[in-house]
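Peer 1: I have a structure I would like to understand better, so I am pasting it below and will then ask my questions one at a time.
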Amino acid sequence: MSSTTTPVEHIKRDSRHLRGSLAESLGDAHTGAIREDDTVLIKFHGSYQQDDRDLREERRQQKLEPAYSFMIRTRTPGGVVTPSQWLALDAIATRYANGSLRITTRQAFQFHGVIKRELKATMQAINASLIDTVAACGDVNRNVLVSPNPVESRVHATVHEQAARLSEHLKPNSRAYYELWLDEERVAGGESENEPLYGDTYLPRKFKIAFAVPPHNDVDVFAHDLGFIAIVEDGVLAGFNVTVGGGMGATHGDAETYPLLARTLGFITPDQLFATAEAVLTTQRDFGNRALRKRARLKYTIEDRGLDWFRSEIERRCGFVIAAARAFAFEHNGDRFGWNEGHDGRWHLTLRIEAGRIADRNGVSHLSGLREIARVHRGDFRLTPNQNLIIANVEVDDRGAIDALMVAHGLDLHRTAGPLRLNALACVALPTCSLAMAEAERYLPDLLAKLEQRLHRHGLADTPIHLRISGCPNGCSRPYLGEIALVGKAPGRYNLMLGADRRGQRLNRLYRENIAEADILDTLDALFARFSTERSEAEDFGDFLLRSGVVPAAVEIPLKVMV
């Protein structure tokens, strides 16, 4: 391997296919941490080492090591789990983690606060529920997103099945996960292990896939490395428009890094799905930047080499020509709350879960309430990429019991909250994320209350506006697709981003840099005042900001078709 590659590339190469010294790290009882190189490798197993940043200084003064713990993330393609799996995950959160389940923007669960000596037991308990954490993090294909709402048609079930199969197909081949966490014995003298898709050093950076089913873009398909937009003709899945090179990550003050929307490669039939995904993934494996991790995502590979070159390389690897993209239209990228009747007569209840955090705290009993619902529910649960929860496939006779439990445990926020609160996203940020520069999840409730006051003052309380907060510029809450977004710059200070649309087809722009709450509120209050008096009929806030010249024109993907 070239000496110009990053240290992470050397760690992966020397890891014996993701084993490293993790076994020794886990067995070291003298520290709550694992070895430095192993903090890279454990991500491929679905976990991050973290520490409580609220306690750092206090522990430093006491000459104690940081309060280390581990976050664990599940691999749940499309975010579908059964009631029995829900109950198992609830028990894990209560016994091993910090008493909460968190729904991520990638339709996965996260457990926070698992200490090292209980890490293996937690992993085993997750796997016992027939859910795993393989490749939920790391430089591999991560959890695959799928439009979660089963209301529309049978096409949703078909697309979900394709996505689940693709997730399984793109898993790493290494048995390291099963040896370390599930006590699988390695076969002595057997064939040497190899990674036919990933190679010895895996991908240059993380890789994200999403499947969207128009007219809803609830997965924000253009934010991903690889996207598949279902094309439905006469009620049948004809195939997918393929999008490539999206990504939210950036670095403050570094012009070489920036968020990008994916671009359209063309149309494929369902039988071409696996070959296309493999071709895109292996092209990124072979040509992605391994010398500079901040430029290692697929979006930069395409930026550096061009979309025409990329299409030619994909077609060469696939062995077929990718057809011209077909027409479709997105209406919005939010969720539909409350009860909706499905095509088969079953009902689906979408609950608002603020910042995705499910817990019994601050006077609410959301974790307990969903536990009670899981005990009587005969359908399934579906996590949404907007951090919400669908109680899906409910028989009409079961609606009353589930409705009563929802109300009894305060899970009916969707009935009283305004659209700003219903659609807001926030990443975890402080105190556990090592990259966070400012608050996000913990700040969201206070910020929403203050903004709602100002919207009410201007007669906009019922106007849908999408707000997103990220504690750093890496963009886990997809902030660059928010009509309003705060991107953490320092404690209590944010970059204010404005002007995205509500279809997930336009990036916002930096409006004010490094400002505190008072300036954020004053700035938005003035813009709300203008919006209330100057907007055209049914005009969205982000569109108004563009039309009025508040923010400059941005690159926007055409509404009907991307070619």
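Numbered per UniProt numbering, the sequence shown finishes at 563, counting up by one with no gaps. Glycine included, each C-beta is placed from N, C-alpha and C at the ideal position.
1) On the three-state DSSP scale, how would you describe His456?
2) Assuming Leu273 and Leu170 make a contact with CB atoms under 8 angstroms, what is their CB distance in whole Å?
3) Can at least three beta-carbon pairs, one atom from the region 132-151 and one from the region 363-371, be found at a separation below 8 angstroms?
4) Check for me: the beta strand (DSSP E) holding Asp51 runs from which residue to which?
5) How should Thr301 be labelled, buried or exposed, when 16 other C-beta atoms within 10 angstroms of its C-beta is the threshold for buried?
6) Quick check: the region 523-533 against the region 450-468, are at least 3 beta-carbon pairs closer than 8 angstroms?
7) With a 10 Å radius around its C-beta and 16 neighbouring C-beta atoms as the bar for buried, classify Pro77 as buried or exposed.
8) Check whether the region 35-50 and the region 79-93 are in contact - that is, three or more C-beta pairs closer than 8 angstroms.
9) What residue ranges within the region 15-99 form continuous alpha helix (DSSP H) runs of no fewer than 4 residues, ordered along the chain?
10) How many Å lie between Arg509 and Met248 at the Cα?
11) How many Å lie between Leu559 and Gly482 at the Cα?
12) On a CA-only basis, which of Thr283, Ala440, Ile353, Ile465 is nearest Arg493? Give me that one, please.
13) Can you give me the Cβ contacts of Ala401 inside the same chain, cut-off strictly under 8 angstroms, excluding the 5 residues immediately before and after it?
14) By the 10 Å Cβ neighbour count, where 16 or more other Cβ atoms means buried, how is residue 569 classified, buried or exposed?
15) Roughly how many angstroms lie between the CA atoms of Ile11 and Phe541, to the nearest whole one?
16) Helix, strand or coil for Asn333, going by three-state DSSP, please let me know.
17) Is Glu58 buried or exposed, if buried means 16 or more other CB atoms sit within 10 Å of its CB?
18) Where does Ala230 land, buried or exposed, given buried means 16+ other C-beta within 10 angstroms?
19) Assign Val140 to one of three DSSP states: helix, strand, or coil.
20) Just curious, the beta strand (DSSP E) that Tyr202 is in, first and last residue?
21) Taking just the CA atoms, how far does Ala29 sit from Tyr480?
22) Alpha carbons only, please: which of Ala125, Ala417, Val242, Pro445 is nearest the one belonging to Asp462?
23) Can you give me the start and stop residues for the beta strand (DSSP E) that Ile358 sits inside?
24) In the region 161-243, which residue ranges form an unbroken alpha helix (DSSP H) of at least 4 residues, counting only runs that do not cross its ends?
25) Which same chain residues, not among the five before or five after Gly319, have their C-beta less than 8 angstroms away from its C-beta?
26) Excluding the five sequence neighbours on either side, which residues of its own chain have a C-beta within less than 6 angstroms of the C-beta of Pro419, listed in chain order?
27) Which of helix, strand or coil does DSSP assign to Gln284?
28) Pick helix, strand or coil for His112, following the three-state DSSP scheme.
29) Short of 7 angstroms in beta carbon distance, which residues of its chain neighbour Lys208, apart from the five on each side in sequence? Order them along the chain.
30) Do Ser153 and His409 have their C-beta atoms closer together than 7 angstroms?
31) Which partner residues does Met497 have in the DSSP bridge list?
32) Asp132 bridges to which residues according to DSSP?
33) Taking Cys427 as the reference, give the member of Leu413, Leu486, Ile390 with the closest Cα.
34) Verify the CB distance criterion: does Leu455 have a CB-CB separation below 7 angstroms to chain D?
35) Which of the three DSSP states is assigned to Thr384 in this structure?
36) Rounded to the nearest angstrom, what separates Phe70 and Gln50 at their Cα positions?
Peer 2: With the given structure in hand:
1) Along the sequence shown, one-based indexing puts residue 456 at 456. Note: His456 maps to helix in three-state DSSP.
2) Translated into the one-based positions of the sequence shown, residue 273 becomes position 273. Translated into the one-based positions of the sequence shown, residue 170 becomes position 170. No, Leu273 and Leu170 are not in contact; Cβ-Cβ is about 11 angstroms, not under 8 angstroms.
3) no
4) As a working note, residue 51 is residue 51 in the sequence shown. Counting along the chain, the beta strand (DSSP E) containing Asp51 begins and ends at 47-51.
5) Taking the first residue of the sequence shown as 1, we reach residue 301 at position 301. Buried: at least 16 other Cβ atoms inside 10 Å.
6) yes
7) Reading the sequence shown from its first residue, position 77 is the one you call residue 77. By the 10 Å Cβ count, Pro77 comes out buried.
8) no
9) 22-27, 36-41, 56-61, 83-95
10) For this step, residue 509 is matched to residue 509 along the sequence shown. For this step, residue 248 is matched to residue 248 along the sequence shown. Looking at the two C-alpha atoms, the distance is approximately 13 angstroms.
11) As a first step, residue 559 is located in the sequence shown; it is residue number 559 there, counting from the start. As a first step, residue 482 is located in the sequence shown; it is residue number 482 there, counting from the start. Confidence at Leu559 is low in this model, with a pLDDT of 42, below 50, so its placement is unreliable and the value that follows should be read with caution. If you take the alpha carbons of Leu559 and Gly482, they lie about 17 angstroms apart.
12) One-based indexing of the sequence shown puts residue 493 at position 493. Of the listed residues, the one whose Cα sits closest to Arg493 is Ala440.
13) For this step, residue 401 is matched to residue 401 along the sequence shown. Same-chain partners within the cutoff: Val376.
14) The question about residue 569 has no answer, for the chain in this structure spans 1 to 563.
15) The count along the sequence shown starts at 1 and reaches residue 11 at position 11. The count along the sequence shown starts at 1 and reaches residue 541 at position 541. Cα to Cα, the separation comes out at about 47 angstroms.
16) Translated into positions along the sequence shown, residue 333 becomes position 333. Coil at Asn333, not helix or strand.
17) Position 58 of the sequence shown, counted from the first residue, corresponds to residue 58. Burial call: exposed.
18) Residue numbering aside, residue 230 sits at position 230 when the sequence shown is read from its first letter. So Ala230 counts as buried.
19) Counted from its first residue, the sequence shown places residue 140 at position 140. Reduced to three states, the DSSP call for Val140 is coil.
20) Taking the first residue of the sequence shown as position 1, residue 202 is located at position 202. Segment: none, Tyr202 is in no beta strand (DSSP E) and carries neither H nor E.
21) Within the sequence shown, numbered from 1, the residue matching residue 480 stands at position 480. Within the sequence shown, numbered from 1, the residue matching residue 29 stands at position 29. Roughly 42 angstroms between the two C-alpha positions.
22) Within the sequence shown, the letter at position 462 stands for residue 462. Looking at the Cα atoms, Ala417 is the closest of the given residues.
23) Position 358 of the sequence shown, counted from the start, is the residue given in the question as residue 358. Element bounds for Ile358: 357-359.
24) 176-182
25) On the sequence shown, position 319 is the one that residue 319 refers to. For Gly319, where only same-chain residues beyond five positions count, the Cβ hits under 8 angstroms are Ala275.
26) As a position in the sequence shown, residue 419 is number 419, starting the count at 1. Contacts found: Pro464.
27) Position 284 of the sequence shown, counted from the first residue, corresponds to residue 284. Three-state DSSP puts Gln284 in a helix.
28) What you label residue 112 is simply residue 112 of the sequence shown in a count that begins at 1. Note: His112 maps to strand in three-state DSSP.
29) Taking the first residue of the sequence shown as 1, we reach residue 208 at position 208. These residues qualify, in order along the chain: Arg142, His224, Asp225.
30) Position 153 of the sequence shown, counting from 1, holds the residue named residue 153. Position 409 of the sequence shown, counting from 1, holds the residue named residue 409. No, Cβ-Cβ distance for Ser153 and His409 is not below 7 angstroms.
31) Position 497 of the sequence shown, counted from the first residue, corresponds to residue 497. Paired residues: Ala485, Leu510.
32) In the sequence shown, the residue the question calls residue 132 occupies position 132. According to DSSP, which records beta bridges pairwise, Asp132 is partnered with Arg75.
33) Position 427 of the sequence shown, counting from 1, holds the residue named residue 427. Here the closest residue by C-alpha is Leu486.
34) No chain D appears in the structure shown, which is made up of a single protein chain.
35) Position 384 of the sequence shown holds residue 384. Residue state, collapsed to three classes: coil.
36) Taking the first residue of the sequence shown as position 1, residue 70 is located at position 70. Taking the first residue of the sequence shown as position 1, residue 50 is located at position 50. Rounded to the nearest angstrom, the two C-alpha atoms are 6 angstroms apart.
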